[in-house]
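First comes the structure, then the notes that go with it.
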Amino acid sequence: DGKLATDFGSAATLYFNGVSQSAASITSIRPDYRNATGTKTSYRNFGNFTAFGPSYMNIGGGIGNGTEPLSASLDEFTFWTKAITGSDVTEIYNGGTPCDITASALYADSASSMWDWIRFEDSPDNNKMTLNHANPGTFNSSTNCLIGFNNNEFTPMALSTTPLGMGPDTSVPAGCSPQFIRFDEIKTYATQSTYDNLFLHHQIIRMSKQYSWLTSSLVSDNGICGFYNPSFTRRISSSAGINY
């Protein structure tokens, strides 16, 4: 929940490796923060590239052409438009084995507050990283790009005339198991007769010789014309007469 210009009512919080970083309280606009109308022409000495204040965001390095270059190994970033708690950070950092953010309790409760999730790799979601080490200084979705989960786009860039110093990590942690959130149960109600006859759409049989496919499976019918439902009456004729 950081603020632009001179509104320092609340400050953004930065966590590295699950730990909140110390911050300095200032009373004036920092020179490396662009205000809402500021621009920076010939950014990184690329004459055709201008950084605009309201859309400028830089991961590593200052606003100056060669200031504060970053030397680090990064697995992923998440950016939130709401203040998150230390327990939220502990969950998604997970001791250095980051969770799938979309499987976290934080995301389940505050999905709309996640500005983006930058993974610095190609993944089944929208994340993508393609690097052109010739350092053209231009965004190209096929050859030179960094794209986040929410489709925010960044241009991989180094100082003009120098090679791009970025590279993908070949040993990315697998991450943690997704958190169980819920399961959905669907109940179906029949509004007409449904017969349970080995998935054949016939009426439920009332005797063992009603269908030929069942009759052929009988070992013996004991001389009786089928096995009757108990509610039926069986008649036997003999020399002693007719019995029921």
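Counted the way my numbering counts, the sequence shown spans residues 93 to 336. Don't be surprised by glycine CBs; every beta carbon is placed ideally from N, CA and C.
- D208 has F171 as its beta-bridge partners, per DSSP.
- Distances from the alpha-carbon of P260 to those of T254, Y107 and E168 put E168 closest.
- When DSSP reads this structure, N236 sits in a beta bridge with N232.
- Taking all protein chains in view, the Cβ of S147 is surrounded by fewer than 16 other Cβ atoms within 10 Å, so the residue is classified as exposed.
- Residue pairing by DSSP places V181 opposite no residue, since no beta bridge is assigned to it.
- DSSP, reduced to helix, strand and coil, places S252 outside both helices and strands of the structure shown, so it counts as coil.
- Non-local beta-carbon contacts of I239 in its own chain, meaning distances under 8 Å to residues more than five positions away in sequence, involve N218, N219, K220, M221, S233, E245 and F246 in chain order.
- Per DSSP, reduced to three states, the secondary structure at T131 is strand.
- Excluding the 5 residues flanking it on each side, C237 has same chain C-beta neighbours closer than 8 Å at K220, M221, T222, F231, E245, F246, T247 and P248, in chain order.
- Taking the CA atoms as reference points, T133 sits about 29 Å from E213.
- Residue state for A143 is assigned as strand, using DSSP reduced to three classes.
- In this chain, M258 is not harboured by any beta strand (DSSP E), its DSSP state being neither H nor E.
- CA-to-CA, the gap between L162 and G145 works out to about 21 Å.
- The Cβ atoms of V181 and G257 do not sit closer than 8 Å to each other.
- Here DSSP, grouped into helix, strand and coil, assigns Y107 to strand.
- DSSP places S202 in the helix class (H, G or I) of the three-state scheme.
- Annotation for M221: the continuous beta strand (DSSP E) segment containing it runs K220 to T222.
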